Amino acid sequence: MERTKISELENRISEKVKIAGWINARRDHGKLIFLDLRDSSGKIQMVSLPQKTETHKIADTLRDEWVVEINGIVNKRPEKMINPEEVLGKIELEISEIKVLNEAETPPFEISGDTSNISEETRLKYRYLDLRTDRMQKNMKTRSQFIQNCREYLFNKKFIEIETPILTESTPEGSRDFVVPSRIHPGKFYALPQSPQQYKQLLMVAGFEQYFQIARAVRDEDLRADRGFEHTQIDIEVSFVSQDNFLNLIEGMMTEVVEKMGYKIKEKPFPRISYKEAMEKYGADKFDLRTDKEKEEGILAYAWVVDFPFFEKTADGQWTFSHNPFSMPKPENVPDLLAGKNIENIMTQQYDLVCNGFESGGGSIRAHQPEILKAVYKVMGFNDKETEERIGHLLEAFTYGAPPHGGIALGVERNIMNLTGELNLREVQAFPMTRGGQTAVMKAPKELTKEQLKELKIKIEN
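Position 306 of the sequence shown, counted from 1, bears residue number 1556 in the working numbering, the numbering being contiguous throughout.
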């Protein structure tokens, strides 16, 4: 007999079925033994009757989190035992056979409850157990559904999904790089990508016009509740597009995706607020537009922040980019950029998508002409040689007919936090880092062996 998922049992009343999963709870009621079994699709109440002697003996030995295979008959529950709070509260399984597939030690914390009050150290050490809980299962499934819906929307719009490299060159994305030593090029290093920024622009030069990928990004930055070393982003780039056209595209995607998942949006179309207005009105460029009642109801309040200053001053008085150096100035500011004057008033075609107090995505219309990008680096104090060293490959690519283009990166974790109401990025990642930068379950970072260091020609100084 083929295994049936628990969620499908409601349509199998009076039939004999085989199910498998984990014992979620057990209750002894005199001679009857009630067991709850769960799999990835749901939970079902099962009953073991004393007249089935051998099976009943096995049922008596079962404990929480044991993995079992069960044969039985799907029955309607007696009227007085119907539980309207359970998804399958109108049916139960009468057990006829039990096969123990694996026993389990007593878990270090209660799997059937909410583990948010358990210490982070314990939860991440046993993350594979934490992920069994209802809340974490729901968070991971919400994440998967969100990504799937975005993919479907983009494929329907004739986008092409393309992966870009994980081992790449250190580039000026705004944070510290994680670097990887090269064995065959001693003393030289790859960098893990902070974003696919330059590759996606090169894909526009390559003529793909509408690209996306579910990209992993890695940044060595200070860890916070909504920020980690690793994150996932839905990376989108489009050629021959204006800022208005592109914002409408992404707004359409977000609206369709979250409403399809059953969420409500406060205001459509999304408000568009200038950076200057946001700072004056809210004191920050990310803000929460909901009322207290709307927060309780889980309403999503999206807004676009636009018209950012291109440059800002560093601590030592030099100019640097406010978001990234690859953006296109507003058309009226291009002459000032090329002339290197009026720097503080140059505005960029940068845009951020904010939702419920979080920055949920950010992007811009990109520079696609070499002289624009060179002028940006000149403002930041780079000479021609230094600029060539950093982005010479991109400048050269732009000389072969680069189309105007723009894009965005939507942070998956930030968006799932908005959908689930979680306040910590670690609650919507399967295996996140601890606050101290340690991996979940495994023990990294850790020292390399002497043999590994020798092979990489790396010497560690005390």
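Heads up, the beta-carbon is just placed ideally off N, CA and C, and yes, glycines get one too. Given the structure is predicted, the values throughout are model-derived calculations rather than measurements.
- Here residue 1646 is exposed, its C-beta having fewer than 16 other C-beta atoms within 10 Å.
- When beta bridges are read from the DSSP output, residue 1293 appears opposite 1288.
- Looking only at 1577, 1533, 1706, 1480, the smallest Cα-Cα distance to residue 1493 is reached by 1577.
- The beta carbon of residue 1437 sits closer than 8 angstroms to those of 1707, all from its chain and outside the five residues before and after it, given in chain order.
- Annotated three-state conformation of residue 1633 is coil, per DSSP.
- Cβ neighbours of residue 1260 within its own chain (closer than 7 angstroms, five residues either side excluded): 1338, 1341.
- About 6 angstroms separates the beta carbon of residue 1282 from that of residue 1297, a gap short enough to meet the 8 angstroms contact definition.
- Contact annotation: residue 1525 and residue 1535 have beta-carbon atoms nearer than 9 angstroms.
- Assignment of alpha helix (DSSP H) within the stretch 1380-1429, counting only whole runs of 4 or more residues, yields 1384-1406 in chain order.
- About 6 angstroms separates the beta carbons of residue 1343 and residue 1294, which is inside the 8 angstroms limit, making them a contact pair.
- Here DSSP, grouped into helix, strand and coil, assigns residue 1684 to coil.
- According to DSSP, residue 1601 shares a beta bridge with 1556, 1613.
- For residue 1351, there is no enclosing alpha helix (DSSP H); the enclosing beta strand (DSSP E) covers residues 1341-1352.
- Annotated as proximal: residue 1482 and residue 1663, with beta-carbon spacing under 9 angstroms.
- A contact between stretches requires three or more CB pairs, one per stretch, nearer than 8 angstroms, and the stretch 1637-1654 meets this requirement with the stretch 1446-1454.
- Annotation: the continuous alpha helix (DSSP H) that includes residue 1451 extends over 1447-1455.
- With a beta-carbon spacing of about 6 angstroms, residue 1687 and residue 1473 fall inside the 8 angstroms limit used to define contacts.
- The C-alpha of residue 1347 is placed about 12 angstroms away from the C-alpha of residue 1301.
- In terms of Cα proximity to residue 1445, the closest of 1357, 1657, 1372, 1529 is 1657.
- Of 1563, 1568, 1262, 1619, the smallest CA-CA separation from residue 1584 is found for 1619.
- Remark: C-beta atoms of residue 1548 and residue 1510 do not approach each other more closely than 9 angstroms.
- Secondary-structure assignment with DSSP links residue 1322 through a beta bridge to 1267, 1345.
- The DSSP-derived three-state label of residue 1643 is helix.
- For residue 1660, the enclosing beta strand (DSSP E) has its first and last residue at 1655-1661.
- Residue 1354 is positioned such that its CB atom lies closer than 9 angstroms to that of residue 1316.
- Looking at 1420, 1389, 1325, the one whose alpha-carbon comes closest to that of residue 1665 is 1389.
- Collapsing the DSSP output to three states places residue 1278 in a strand.
- Comparing alpha carbon positions, the residue from 1303, 1308, 1319, 1502 closest to residue 1289 is 1319.
- In the three-state reduction of the DSSP assignment, residue 1310 falls in the helix class.
- For the pair residue 1478 and residue 1609, the Cα-to-Cα distance works out to about 14 angstroms.
- For the 9 angstroms CB-CB criterion, residue 1468 and residue 1497 do not form a contact.
- Assignment of residue 1706 by DSSP, reduced to helix, strand and coil, places it in the helix class.
- Under the 8 angstroms Cβ criterion, the stretch 1370-1390 does not count as touching the stretch 1404-1417, having fewer than three qualifying pairs.
- In this structure, 1599 is the residue among 1278, 1435, 1599 with its C-alpha nearest to the C-alpha of residue 1495.
- Assignment of alpha helix (DSSP H) within the stretch 1432-1516, counting only whole runs of 4 or more residues, yields 1447-1455, 1493-1510 in chain order.
- For the pair residue 1439 and residue 1386, the Cα-to-Cα distance works out to about 37 angstroms.
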